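Position 281 of the sequence shown, counted from 1, bears residue number 281 in UniProt numbering, the numbering being contiguous throughout. Idealized CB from N, CA, C, for every residue including glycine. It should be emphasised that the depicted structure is a prediction, and the values quoted were computed from it without experimental measurement.
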Amino acid sequence: MLFISWPWLRYLHLIDFNAGIGLVQMMGTTNYLALVGGGRSPKFAMNKGKVALEITALTAIRGVQLGRERIAVVLQNSVRVYSFAKPPDLLHVYETADNLLGLCCLSEKKLAFPGRTAGQIQLIELATGNVSIIPAHSSALKAIALSPDGELLASASETGTLIRVYATSNCARLAELRRGIDPATIFSLAFSPCGTMLACTSDKSTLHIFDVPHPRKPGMTRSQQLGASGSDPGDGTGKWGILSKIPLMPRVFSDVYSFSSAPFEAGDEAAIGGISFSESTVLGTSRPPKGVIGWIGDDSLVVIGAGHDARWEKFIIVDGEDGKRHCVREGWKRYLGNT
Numbered sequence: 001m002l003f004i005s006w007p008w009l010r011y012l013h014l015i016d017f018n019a020g021i022g023l024v025q026m027m028g029t030t031n032y033l034a035l036v037g038g039g040r041s042p043k044f045a046m047n048k049g050k051v052a053l054e055i056t057a058l059t060a061i062r063g064v065q066l067g068r069e070r071i072a073v074v075l076q077n078s079v080r081v082y083s084f085a086k087p088p089d090l091l092h093v094y095e096t097a098d099n100l101l102g103l104c105c106l107s108e109k110k111l112a113f114p115g116r117t118a119g120q121i122q123l124i125e126l127a128t129g130n131v132s133i134i135p136a137h138s139s140a141l142k143a144i145a146l147s148p149d150g151e152l153l154a155s156a157s158e159t160g161t162l163i164r165v166y167a168t169s170n171c172a173r174l175a176e177l178r179r180g181i182d183p184a185t186i187f188s189l190a191f192s193p194c195g196t197m198l199a200c201t202s203d204k205s206t207l208h209i210f211d212v213p214h215p216r217k218p219g220m221t222r223s224q225q226l227g228a229s230g231s232d233p234g235d236g237t238g239k240w241g242i243l244s245k246i247p248l249m250p251r252v253f254s255d256v257y258s259f260s261s262a263p264f265e266a267g268d269e270a271a272i273g274g275i276s277f278s279e280s281t282v283l284g285t286s287r288p289p290k291g292v293i294g295w296i297g298d299d300s301l302v303v304i305g306a307g308h309d310a311r312w313e314k315f316i317i318v319d320g321e322d323g324k325r326h327c328v329r330e331g332w333k334r335y336l337g338n339t
């Protein structure tokens with residue numbers, strides 16, 4: 001099924017391939033879709049849609065990223081880059097650590113995916129082929145995201161407490177953001193269209209919105225102007241008040257937190273038909289995606305969840321009477337018609 005999520009959620013088209021589909025990836029708002037066979041019958045018949053090109057792999061495909069000139073195919077231990085041509089030419093093969101989540105980001109100029117060592121990120125400059133290694137985390141990666149202009153890279157590990165933001169021009173770390181104190185499973189990271197805000201969802205069923213510095217948009221971010229929690233920086237109060245100013249206090253008291261947060265519906269789907277989910281299994285048996293973020297404007301975004309309770313939720317960022325910005329849920333819908 002194809003839906004459009006802006007300005008409201010509406011159904012577009014139903015395509016019946018008469019067999020299993022394990023992954024679908026759309027190239028922006030174009031009419032190109034990447035389809036990966038999955039399930040017990042991982043083949044699909046020709047239908048009204050036209051196959052522009054086809055790529056086969058000997059092992060399960062964990063993810064696909066489409067660009068106007070390149071296609072990145074993510075396998076468990078490698079990323080294969082092809083030209084967007086018919087037939088597609090294999091341009092590069094990069095080895096990675098185990099990447100069962102299919103982590104990979106592609107922009108016009110940059111490509112990012114896990115390194116050969118857990119917690120590292122390989123950043124590829126597409127024009128030159130130069131490879132940079134970013135030692136982002138000490139544990140395995142759980143989520144990565146490139147800003148729309150490719151200038152910023154965000155990452156989170158399987159611990160899920162800290163999010164780090166890097167400049168792709170020189171791999172310098174620009175910010176370290178704290179989602180929370182307790183470990184969590186990060187579902188999604190996504191930059192706003194202008195690249196000055198970062199959204200994060202996790203299995204805590206909370207959507208967090210952070211301000212982030214942008215190297216090509218100098219000046220203070222809103223959180224720097226208002227304080228980490230949106231308060232006046234002159235009164236010495238942040239998330240933890242005066243505690244953040246006391247020397248030798250644990251770093252959690254001085255870390256940068258989100259300027260706003262809101263609950264979303266993550267659901268609780270431990271199994272389908274009595275079969276437990278596992279990220280290490282063949283496509284078609286992994287956990288339904290939850291908390292997938294999509295910005296539809298610089299002050300509005302949607303959070304999508306699949307599975308039995310498949311939901312679309314829209315959030316907007318508004319200025320409150322208290323002078324702070326707040327993330328508010330504007331509406332929601334079960335988009336598969338479940339009651």
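- For residue 159, no beta strand (DSSP E) segment is defined, and its DSSP state is neither H nor E.
- With a 10 Å radius around the Cβ and a threshold of 16 neighbouring Cβ atoms, residue 155 comes out buried.
- Using a C-beta cut-off of 8 Å, the segment 134-152 makes contact with the segment 89-108, since at least three inter-stretch Cβ pairs fall below that distance.
- By the C-beta density criterion, residue 93 is exposed, having fewer than 16 other C-beta atoms within 10 angstroms.
- Using a 10 angstroms sphere on the CB of residue 99, the tally of other CB atoms reaches 16 or more, which defines it as buried.
- Distance from the Cα of residue 210 is smallest, within the candidate group 201, 202, 197, 216, for 197.
- As the crow flies, the alpha-carbon of residue 91 is around 39 Å from that of residue 314.
- Nearest in C-alpha terms to residue 264, of all of 334, 164, 294, 201, is 201.
- The straight-line gap separating the alpha-carbon atoms of residue 24 and residue 64 is approximately 8 Å.
- DSSP, reduced to helix, strand and coil, places residue 169 outside both helices and strands of the structure shown, so it counts as coil.
- Between the beta-carbon of residue 188 and that of residue 316 there is about 18 Å, and that puts the pair past the 8 Å contact cut.
- Closest option to residue 53, judged by alpha-carbon separation, among 76, 87, 67: 87.
- For the pair residue 290 and residue 312, the CB atoms are not nearer than the 7 Å cut-off.
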